[in-house]
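Colleague: This is the structure I want to talk about, given as structure tokens.
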Amino acid sequence: MGLGSNAMLVFVLLAASLVASNGNTGQGRTIIVGGSQGWRSGVNYTDWAIRNSPFYINDKLVFKYGPPSGRNPPHSVYSLPSLWNYGRCDFTGARLLANPKQGKGVGFTYVVDQWKVHYFASGEDNGRNCKDELMRFFVVPWPRPSE
């Protein structure tokens, strides 16, 4: 999926969110990023995010990954500041959310608590995890529907 496709998807999700917005944030669900396989190399997380959407405000994203070892390359979790940074895997201005050791055990939890686009990527190996291993995705959380 190229940068143009990502921009179009963001636009469509934002427009739909505006239409669906009702202000109800409610309790979030807990979602393990990557499912039972966790946050690892070789998974297209943009596809994963599309398959697991919609995401809602107050959902908890759990990033689980083993600590670096001979068999396990290091991974991290960054919040990227813009679509431009996301499309280029440019970590300028990015915020480190979880270092390579914080994904073990119960993992690192990020609460999607604001209505905005949230861009995530692994910045290890000089950005190779993001660029070559597709360890990046974004979510646009919707207000939780009334039950």
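Take the sequence shown: its letters are residues -23 to -1, 1 to 124, numbered as in mature numbering (1 follows the signal peptide of the UniProt record, and there is no 0). Where a beta carbon is used, it is the ideal one built from N, C-alpha and C, also for glycine. Source: prediction; values computed, not measured.
Please list, in chain order, all residues of the same chain as SER104 whose beta carbon is under 6 Å from its beta carbon, the five residues on each side excluded.
Modeller: Going by the sequence as given, residue 104 is Gly instead of Ser. Answer for GLY104: CYS66, listed in chain order.
Colleague: Can you tell me which of VAL20, TRP119 and GLY11 puts its alpha carbon nearest to the alpha carbon of LYS108?
Modeller: Here the closest residue by C-alpha is VAL20.
Colleague: Which residue or residues does DSSP assign as beta-bridge partners of LYS81?
Modeller: Beta-bridge pairing links LYS81 to no other residue.
Colleague: Which stretch, first to last residue, makes up the beta strand (DSSP E) that contains ARG72?
Modeller: Taken as a continuous stretch (DSSP letters only), the beta strand (DSSP E) holding ARG72 covers 72 to 75.
Colleague: Less than 8 Å separating the beta-carbons of GLY5 and TYR33?
Modeller: Yes, Cβ-Cβ distance for GLY5 and TYR33 is below 8 Å.
Colleague: Return the chain-ordered list of same chain residues with a C-beta closer than 8 Å to the C-beta of SER99, the five sequence neighbours on each side being excluded.
Modeller: Excluding residues within five positions, the ones whose Cβ falls inside 8 Å are TRP16, HIS52, SER53, VAL54, TYR55, ASN106, CYS107, GLU110, MET112 and ARG113.
Colleague: Which residues mark the beginning and the end of the alpha helix (DSSP H) in which TYR27 is found?
Modeller: Going by the sequence as given, residue 27 is Ile instead of Tyr. Taken as a continuous stretch (DSSP letters only), the alpha helix (DSSP H) holding ILE27 covers 22 to 28.
Colleague: Does TRP119 come out as helix, strand or coil in the three-state DSSP assignment?
Modeller: Correct three-state label for TRP119: strand.
Colleague: In three-state terms, what does DSSP make of ARG17?
Modeller: DSSP places ARG17 in coil when its eight states are reduced to three.
Colleague: Helix or strand or just coil, what does DSSP make of CYS107?
Modeller: CYS107: helix per DSSP, three-state reduction.
Colleague: Short of 8 Å in beta carbon distance, which residues of its chain neighbour VAL89, apart from the five on each side in sequence? Order them along the chain.
Modeller: Cβ within range, chain order: GLY5, PHE32, TYR33, ILE34, ASN35, ASP36, LYS37, LEU38, HIS95, VAL116 and PRO118.
Colleague: If you compare alpha carbons, which of ARG48, PRO120, PHE40 and TRP92 is closest to ASN76?
Modeller: Here the closest residue by C-alpha is PHE40.
Colleague: So, helix, strand or coil for ARG48, using DSSP?
Modeller: Coil.
Colleague: Express the C-alpha separation of PRO50 and ASN29 in angstroms, rounding to a whole number.
Modeller: If you take the alpha carbons of ASN29 and PRO50, they lie about 25 Å apart.
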